[in-house]
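Structure first, commentary second.
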Amino acid sequence: MEQSGRRLTAHPVESEQPGAESNYYQRATWVTKTVIFLNKGASKMYHPSVYDNLKIVLEGAVYDLDFAGVIEIVDRRDLVDLAVIGRSYSIDFIVSGISQSFKGNLTLNTNLENYATEKLKDNPEGAGSKVSIIIETPVYEIETDCKQLQSILKKWSEGDLKGDIQQKLTYIYGESRNVFSNTISIHLQKPFSEEEPERFSLVLEQVIASMKEMNEYFKGYKK
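Residue numbers for the sequence shown, in the numbering used here: 4 to 226.
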């Protein structure tokens, strides 16, 4: 159910409450597992795919943080690629309390192979969806700044959220080269499954922490 472009939730988190962000992370696992359980119970009418369930979990997790005032959602896309028979769900956001020059994005992807594994081989455990993260930042001194950003991103190169990290710098020809646009992409290696819905909460927590750390590095830097 939507109203003014935002999905309503039965348990909104008031942004002025102390510890609203931590309270969200504590109850996120219960909420997401409940959503998946309810969807699985609807098999007599319509059996949603693993991707459909994960999309609901991701959307709910991000919008809960928006309602809590931790982030602000600025865009979203729900796409079907008929050329390769793939689907993707993407949400763009900024983090409250830091410069709006830092933008975050989470994208959930699936393809025909995943869908066939689930439906034809009846193997939902092997039909996980991939998640990628994009963080947009400014860069002033290429070698110095990118090296520092890579150090901040080190947490994404280990553990359950290990991913392939890339920094891509661009600038507009004809304009000043005092600042470059840096697009950081992190493609998580381990697929997401219905059995671990709490991983979305961990991803969001780590993305927000990374963006805040980047903001601290650039605070008071060259404008």
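Even glycine gets a Cβ: it sits at the ideal position worked out from N, Cα and C. None of these values were measured; they are calculated from a predicted model.
Once you ignore the five residues that flank residue i on each side, which residues in its own chain have a CB closer than 7 Å to its CB?
i	result
residue 216	155
residue 80	93
residue 148	142
residue 91	82, 110, 111 and 112
Given that a residue counts as buried once 16 or more other Cβ atoms are within 10 Å of its Cβ, and exposed if not, what is residue i?
i	result
residue 67	buried
residue 145	exposed
residue 178	exposed
residue 181	exposed
residue 85	exposed
residue 187	buried
residue 189	buried
Does the beta carbon of residue i fall short of 7 Å from some heavy atom of the ligand NAD?
i	result
residue 209	Looking for the ligand NAD in the displayed structure turns up nothing, as the structure carries no ligands at all.
Confirm, please, whether the CB-CB distance from residue j to residue i is below 8 Å.
i	j	result
residue 65	residue 131	no
residue 110	residue 73	no
residue 214	residue 70	no
residue 150	residue 159	no
residue 205	residue 185	no
residue 57	residue 201	no
residue 112	residue 88	no
residue 152	residue 140	yes
residue 183	residue 174	yes
residue 61	residue 203	yes
Is residue i helix, strand or coil when you go by DSSP?
i	result
residue 1	No answer is possible for residue 1: it lies beyond the span of the chain, which begins at 4 and ends at 226.
residue 72	coil
residue 63	helix
residue 155	helix
residue 123	coil
residue 145	helix
residue 222	coil
residue 108	strand
residue 87	coil
residue 47	Unreliable placement is indicated for residue 47, whose pLDDT of 49 sits below 50; no coordinate value is reported for it.
Leaving out five residues before and five after residue i in sequence, what residues of the same chain have Cβ atoms less than 6 Å from its Cβ?
i	result
residue 98	74, 211 and 214
residue 169	188
residue 117	130
residue 137	108 and 188
residue 163	none
Residues in its own chain within less than 8 Å of residue i by CB, not counting five upstream and five downstream?
i	result
residue 101	214, 215 and 218
residue 192	165, 166 and 167
residue 95	76, 77, 78, 79, 106, 107 and 108
residue 161	none
| said: Just to confirm the assignment: which complete beta strand (DSSP E) runs, minimum length 3, are found wholly within the stretch 160-213? | reply: 166-173 and 183-191
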